[in-house]
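For the record, in the sequence shown the residue sitting at position 19 is 88 according to this note's numbering, with numbers rising by one throughout.
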Amino acid sequence: MVTLAFVRCGDAVLLLRHPEGGRRFPGQWNGIGGHVEPGEGICAAAHRELREEAGIDVPALRLRVVLHESGLLGASYVVFVFAGEADARALRPAPGHEVAWHAFDALDALPLVHDVPELLPRVFGDGDPVFLLASYDGGDRPLGLAADGPGPTAPRAGGHPG
70 MVTLAFVRCG DAVLLLRHPE GGRRFPGQWN GIGGHVEPGE GICAAAHREL
120 REEAGIDVPA LRLRVVLHES GLLGASYVVF VFAGEADARA LRPAPGHEVA
170 WHAFDALDAL PLVHDVPELL PRVFGDGDPV FLLASYDGGD RPLGLAADGP
220 GPTAPRAGGH PG
């Protein structure tokens with residue numbers, strides 16, 4: 070199990086850049102997250118990852134998406150995607166972590182993980198959490214992102230939230 074958090078402050082979102090030499094999405098920007106440790110709650114893991122990787126405390130996180138990544142690097146992951154709001158942009162990133170606030174209207178210029186543009190409108194939108202299925206080729210090349218279940222669960226198309 071994995072958590073992923075997107076935190077907004079005004080017109081910007083907090084993102085982490087994966088290392089160039091990493092196995093998963095090298096050089097690409099994503100929300101902040103990581104694996105849930107044994108014995109740890111899912112919400113607690115999301116808060117811990119934000120503190121460890123960005124040095125930020127976000128008091129209230131809302132579950133927005135449950136994403137099943139099937140075939141990513143030959144494995145399957147369940148990702149709990151959260152939204153949060155920050156009052157200030159001060160960060161204390163861990164050594165070796167590149168984190169930064171990026172304006173929503175400038176995200177198109179960044180090398181984002183492929184599903185971030187589809188996730189952000191849903192993460193910062195209204196309504197109930199959604200269930201999605203992301204299929205991969207056994208590496209980190211995406212094959213598709215689809216709603217998982219009946220009803221209106223796909224991310225809304227359109228621009229970035231602001």
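Note that the Cβ used here is the ideal one computed from N, Cα and C, for glycine as well. Here the structure is a predicted model, which is why all the values come from computation and not from measurement.
Continuous alpha helix (DSSP H) stretch holding residue i: start and end
i: V185; result: 185 to 192
i: R117; result: 111 to 123
From the options, residue whose alpha carbon lies closest to that of residue i
i: R92; options: G208, G110, F151; result: G208
i: R210; options: H116, E138, L130, A129; result: E138
i: R86; options: V147, F94, G79; result: F94
i: L160; options: R120, L202, A114, G79; result: R120
i: A203; options: R77, G140, G79; result: G140
i: L130; options: L179, F151, L201; result: F151
i: G90; options: H183, G165, C112; result: G165
i: L43; options: G218, D195, D217, P186; result: No statement about residue 43 is possible, as the shown extent of the chain runs from 70 to 231 and does not include it.
Anticipated Cβ contact below 8 Å, residue i with residue j, distance rounded
i: Y205; j: L212; result: 6 Å
i: G100; j: A123; result: The pair is not a contact, with the Cβ atoms about 10 Å apart (cut-off 8 Å).
i: T72; j: F149; result: 5 Å
i: A155; j: V127; result: 6 Å
i: V76; j: H171; result: Not confirmed; about 11 Å, so no contact.
Residues sharing a beta bridge with residue i, DSSP
i: R77; result: V82, E154
i: L212; result: Answer is none; L212 lacks a bridge partner.
i: F149; result: T72, V135
i: A144; result: L141
Limits of the unbroken beta strand (DSSP E) element including residue i
i: E138; result: 130 to 141
i: S102; result: It should be noted that the sequence gives Gly, not Ser, for residue 102. Note, G102: beta strand (DSSP E), 101 to 104.
i: A172; result: 167 to 172
i: F200; result: 199 to 205
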